[in-house]
Every structure is written in C-alpha cells, then in structure tokens.
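Heads up, the thing below is written out as structure tokens.
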C-alpha cells in the first residue's frame, strides 16, 4: 500500500557511545485494517532506517494493529451500491489512451477473424440461456427479490424477501439463501498465475423445503439473518480479495434452478457514518426496480471497546467475582455446544464477570496502536493470539501497556501464564476474545 515517509533528522555526525531519542508521529491509513486469515494477511509496519554513507543502513521494523476507525474520506454515498475503498486512479495521459486504443483495436480484429468459426457455438449457448429463462418464467412467473442494502456491517440484522406467483403447479426441493464469504489470492503472473481460494463462511438458511406450489397462489418468503461478528472485511486489491455474496436459490427437482447472486460489501460499523440509509432495493427478472419502505435496522456489533467501556462504567476490576481456575471446564462446555447459533456466545457472556487463570500457547504477538479500547491502560498494549494450553480453543488477549516488555519476550510456542477476563465470542473464527487483568488495580 501507500507509504508515508518522515525525515526525523537532517545529516549530522554521531559520536560512539551516545544515545539519541527522536520522537515522531504518523497518520495511520483508514483502510485496509489489519487482517490475518488463511490465504490473506494484511499487516502494517513502522520502519526506522538510518542512511549511513559507505555502509549498510541500520534499520528496525515493528508491525502494529490497525483497527477500524474513521472511514476513508471518499467512502460516501448510498448503502445501495458497493463503494470503492481505494480511490480511483488519476486520469491516464492522452498518449497512454491512444496506445491502449490501438492495442484494443488490434485484439478485436484478431478475435473477429475467429468469431466466424465460433458463431455456431455462440448461438447455441445463447439459445440455451434464452430457453432456460423462458422455461423458468413459464413456471415461476416474474420473481422479485428485495434486499435492504448491499453495504453491511458485522452484527447487523439483514432481511431479504422473495416474491413470485407460480404459473403452474410444481414441486420444489427448497427456497433458500446462502451467505458466502471467501478469500482469494493470486500468485505468479501471466500464464503462470494461479488463484487460491478459501471459504471463510458458508451459512445457509432454508425458508421452505419439499413443498408443492400451486398455480396462481402467491409465494412470499423472507430471509432474516444476523451477519457474523468478523474482521474479514471486504477487500478488493489486484491479487488479494475478500468477497461476500448472498445467493438466493429456488431448487426445482429435474428442472433448471432459479438463482440470483448479490455481491455484498462488509465494512466496519464506523464506516457507515457517512452513508445514507436509502429505501429497500427490489429487483426482478424483467429488470424493473421497485421502491418500498425499509424493513431492517442496524444493530451495531458488540466490539471489544464497547464491552470494556461497559465494564468500566459498571464496576472496577476489584468488583469482578473471585478468581476461577475452571477455564478448561468452560472450554469443554463450549465444545459440547453447537458451533452455529448463539450457544457459545451465551456461555462466554455468562462468564464475562469472572477472572480465569490461563495458560496460553503463543502463536503471535502484535502491537496495538490506536486500538478501539476505551481503557487507556490497554490502548498501546499488545494483542496476543494462540490457544488455551491443552486444548484447540483459539483465544486472543488484549494486554496491558505496562506489560509490554514482558510480552515482547514471548515467542511462538511459549506457554504464557496470566489472568484474563472474557470480552466476547468471535463466532466466525471460533475464538474467545479476552483481556489481561491488571493485578495492581485497586
């Protein structure tokens, strides 16, 4: 991504044994925020380098966590349309446009020569598509799909509606919606380019199954789902993408299925502040648009900062119930609960007022810089991720800034003994979010 460079000191001479401290500040970018997935990692670094003539330049580098904050300045408009998170590039020069036009014209001329040979195949494919649409229209009639908006925040309740009036009596296997999130990363270039994909989430909701539809009897079904609490926000870079889609399907046995894929843009809740809440979007096979009143509202996701603020407002750490060492028992209870749904989140919420002795197998330690934590003791601390020792349960712990020196000594594979209290449950990554207890708090 773009780099910001600050010169801390002009050319000068140094004497051996001296210690020099230089202060600096940088404006962190708004996007993309830090993300660690399976195929894609988004990291941010601060690098300090000294330019020494006729010698290797010494340098130091440290990564930091960029949390969601202010939206990009250009992220404005309606939630009914996907908005580019990367500003559009400047206009190309006239010479560049002319060269590009010549290349495109040459390619089109070459393709036109072979198009005559491909014409029968093209007509065959076009005929199949036309026949399929006519056949579906002959059974389903006009299908209208209404959605509230396409720019969505994690934790938001989202409702879609499908309406049609069958022209014939027929059986369906199901009417359902699939929420699909996936990463895609491309390595190599040209003929050696290869794209790798990973499914982040596939959540299916069926509203009608194994049913007989009657000719002339209207069908109207709603799909209501809560988007998962996730940091896998939509990303659209040249070689790395995080994409979310909602796929609505009418599954008809021994007949072509009707389906519509709606791309979605998942952004931090704070990015919505400059967007307008427009009326419900509605589309049909005929391409007509219908405006109707909205039927959903934003339910902000529970974040670490909100949870911490609530805890600080209600009571200090000294008011938390006495220490419990039953963290392994809690994990066993969670593993016995269904992964999908609210069961595991409820277990974490019910235990949020307890202090646990924790042994954590370290996987990664990163810095917090401007993290959304209201308590200043944690604002510039660390983020420790790993698993609870003796289990496969993933955990992420926000640590105290006063413990930075101790945390910096941790390495992957170390066992870290500490006390934690739970914040919330990350259902997408099956992970406990927690914070370190300040043992010196009064």
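Numbering (our numbering), first residue to last: 1080 to 1521. Ideal Cβ placement from N, Cα and C applies to all residues, glycine included.
Alpha-carbon spacing of residue 1086 relative to residue 1486, whole angstroms: As a working mapping, residue 1086 is identified with position 7 in the chain shown. As a working mapping, residue 1486 is identified with position 407 in the chain shown. Approximately 30 Å between the Cα atoms of the pair.
Residue from 1334, 1424, 1326 whose Cα sits closest to the Cα of residue 1340: Taking the chain shown and counting its residues from 1, the one referred to as residue 1340 is at position 261. Of the listed residues, the one whose Cα sits closest to residue 1340 is 1326.
Contact check, residue 1463 vs residue 1494, beta carbons under 8 Å: Sequence index remark: in the chain shown, residue 1463 carries index 384 (1-based). Sequence index remark: in the chain shown, residue 1494 carries index 415 (1-based). Taking 8 Å as the Cβ cut-off, residue 1463 and residue 1494 do not qualify as a contacting pair.
Secondary structure, alpha helix (DSSP H): runs of 4+ residues fully inside the region 1109–1139: none
Cβ contact (3+ pairs, closer than 8 Å) linking the region 1282–1299 and the region 1232–1250: yes
Supposed contact pair residue 1482 and residue 1499 - C-beta distance, whole angstroms, cut 8 Å: The sequence position of residue 1499 within the chain shown is 420, counting from 1. The sequence position of residue 1482 within the chain shown is 403, counting from 1. The pair is not a contact, with the Cβ atoms about 12 Å apart (cut-off 8 Å).
Inter-stretch contact at 8 Å, needing at least 3 Cβ pairs: the region 1451–1461 / the region 1424–1439: no
Beta-carbon proximity list for residue 1604, same chain, < 6 Å, skipping 5 on both sides: Missing from the structure shown is residue 1604; the chain here goes from 1080 to 1521 and no further.
Host alpha helix (DSSP H) of residue 1300 (start-end): For the purposes of this step, residue 1300 is identified with residue 221 of the chain shown, where counting begins at 1. Run containing residue 1300: none in the alpha helix (DSSP H); it sits in the beta strand (DSSP E), 1298–1305.
Identity of the residues DSSP links to residue 1143 by a beta bridge: The sequence position of residue 1143 within the chain shown is 64, counting from 1. Note: residue 1143 sits in a beta bridge opposite 1123, 1446.
Helix, strand or coil at residue 1410 according to DSSP, with G and I counted as helix: Locating residue 1410 in the chain shown gives position 331, where the first residue counts as 1. The answer is helix: DSSP assigns residue 1410 an H, G or I state.
Cβ distance (whole Å) where residue 1444 is taken to contact residue 1511 below 8 Å: Looking up residue 1444 in the chain shown gives position 365. Looking up residue 1511 in the chain shown gives position 432. Actually they are not in contact, since the Cβ atoms of residue 1444 and residue 1511 sit about 17 Å apart, beyond 8 Å.
When 1164, 1137, 1497 are compared against residue 1150, the one with the closest alpha-carbon: As a first step, residue 1150 must be located in the chain shown, where it is residue number 71. Closest by alpha carbon: 1164.
Meets three-Cβ-pair contact criterion under 8 Å: the region 1272–1281 and the region 1231–1247: no
8 Å Cβ cutoff met for residue 1343 and residue 1178: Numbered from its first residue, the chain shown carries residue 1343 at position 264. Numbered from its first residue, the chain shown carries residue 1178 at position 99. Taking 8 Å as the Cβ cut-off, residue 1343 and residue 1178 do not qualify as a contacting pair.
Exposure of residue 1220, with buried meaning 16 or more beta-carbon neighbours within 10 Å: To locate residue 1220, count along the chain shown from 1; it is residue 141. The residue is buried, with at least 16 neighbouring Cβ atoms inside 10 Å.
Distance CB(residue 1318)-CB(residue 1355) smaller than 8 Å: Position 239 of the chain shown, counted from the first residue, corresponds to residue 1318. Position 276 of the chain shown, counted from the first residue, corresponds to residue 1355. No, they are not a contact pair.
Residue 1188 to residue 1182 span [Cα, whole Å]: Numbered from 1 along the chain shown, position 109 holds the residue referred to as residue 1188. Numbered from 1 along the chain shown, position 103 holds the residue referred to as residue 1182. Answer to the nearest angstrom: the Cα atoms are 10 Å apart.
Residue burial classification, residue 1279 (beta-carbon count within 10 angstroms, cutoff 16): Indexing the chain shown from 1 puts residue 1279 at position 200. Burial call: buried.
Beta-carbon gap between residue 1457 and residue 1479 smaller than 8 Å: Counting from one through the chain shown, the residue named residue 1457 turns up at place 378. Counting from one through the chain shown, the residue named residue 1479 turns up at place 400. Yes, Cβ-Cβ distance for residue 1457 and residue 1479 is below 8 Å.
First through last residue of the alpha helix (DSSP H) which encompasses residue 1424: Reading the chain shown from its first residue, position 345 is the one you call residue 1424. Counting along the chain, the alpha helix (DSSP H) containing residue 1424 begins and ends at 1422–1429.
Under 8 Å between C-beta atoms of residue 1446 and residue 1127: As a position in the chain shown, residue 1446 is number 367, starting the count at 1. As a position in the chain shown, residue 1127 is number 48, starting the count at 1. In this structure, residue 1127 does not lie closer than 8 Å to residue 1446 by Cβ.
Distance CB(residue 1135)-CB(residue 1353) smaller than 8 Å: In the chain shown, residue 1135 corresponds to position 56, counting from 1. In the chain shown, residue 1353 corresponds to position 274, counting from 1. No; because the gap between Cβ atoms is not below 8 Å, this pair is not in contact.
Element boundaries [alpha helix (DSSP H), containing residue 1486]: Indexing the chain shown from 1 puts residue 1486 at position 407. Unbroken alpha helix (DSSP H) run through residue 1486: 1483–1487.
Pair within 8 Å by beta-carbon distance, residue 1303 and residue 1283: Here residue 1303 corresponds to residue number 224 of the chain shown, with the count starting at 1. Here residue 1283 corresponds to residue number 204 of the chain shown, with the count starting at 1. Against a cut-off of 8 Å, the Cβ pair of residue 1283 and residue 1303 comes out as no contact.
Beta-bridge partners of residue 1230, as assigned by DSSP: Start at 1 with the first residue of the chain shown, and residue 1230 comes out as number 151. BP columns for residue 1230 point to 1344.
Where residue 1415 falls: helix, strand or coil (DSSP): Mapped onto the chain shown, residue 1415 falls at position 336. Helix at residue 1415.
Residue 1249 (DSSP reduced to helix, strand or coil): As a working note, residue 1249 is residue 170 in the chain shown. Looking at residue 1249 - three-state DSSP - the assignment turns out to be strand.
Straight-line Cα distance separating residue 1314 from residue 1114: Taking the chain shown and counting its residues from 1, one reaches residue 1114 at position 35. Taking the chain shown and counting its residues from 1, one reaches residue 1314 at position 235. Cα to Cα, residue 1114 sits roughly 10 Å from residue 1314.
Distance CB(residue 1469)-CB(residue 1409) smaller than 8 Å: Stepping through the chain shown from its first residue, residue 1469 is reached at position 390. Stepping through the chain shown from its first residue, residue 1409 is reached at position 330. No, these two residues do not count as a Cβ contact at 8 Å.
Beta-carbon gap between residue 1424 and residue 1306 smaller than 8 Å: The residue you call residue 1424 lines up with position 345 of the chain shown. The residue you call residue 1306 lines up with position 227 of the chain shown. The answer is no: Cβ separation not under 8 Å.
Residue environment, residue 1532, which counts as buried when at least 16 other CB atoms sit within 10 Å: Shown here, the chain extends from 1080 to 1521; a query on residue 1532 therefore has no answer.
Local conformation of residue 1490 per DSSP, three classes: Sequence index remark: in the chain shown, residue 1490 carries index 411 (1-based). In the structure shown, residue 1490 sits in coil (DSSP, three-state: anything other than H, G, I, E or B).
Cβ distance (whole Å) where residue 1158 is taken to contact residue 1229 below 8 Å: On the chain shown, position 79 is the one that residue 1158 refers to. On the chain shown, position 150 is the one that residue 1229 refers to. Right, their Cβ atoms sit about 7 Å apart.
Contact under 8 Å by Cβ, residue 1301 with residue 1238: Position 222 of the chain shown, counting from 1, holds the residue named residue 1301. Position 159 of the chain shown, counting from 1, holds the residue named residue 1238. In this structure, residue 1238 lies closer than 8 Å to residue 1301 by Cβ.
Residue 1141 vs residue 1124 beta-carbon contact at 8 Å: Locating residue 1141 in the chain shown gives position 62, counting from the first residue. Locating residue 1124 in the chain shown gives position 45, counting from the first residue. Yes. Within cutoff.
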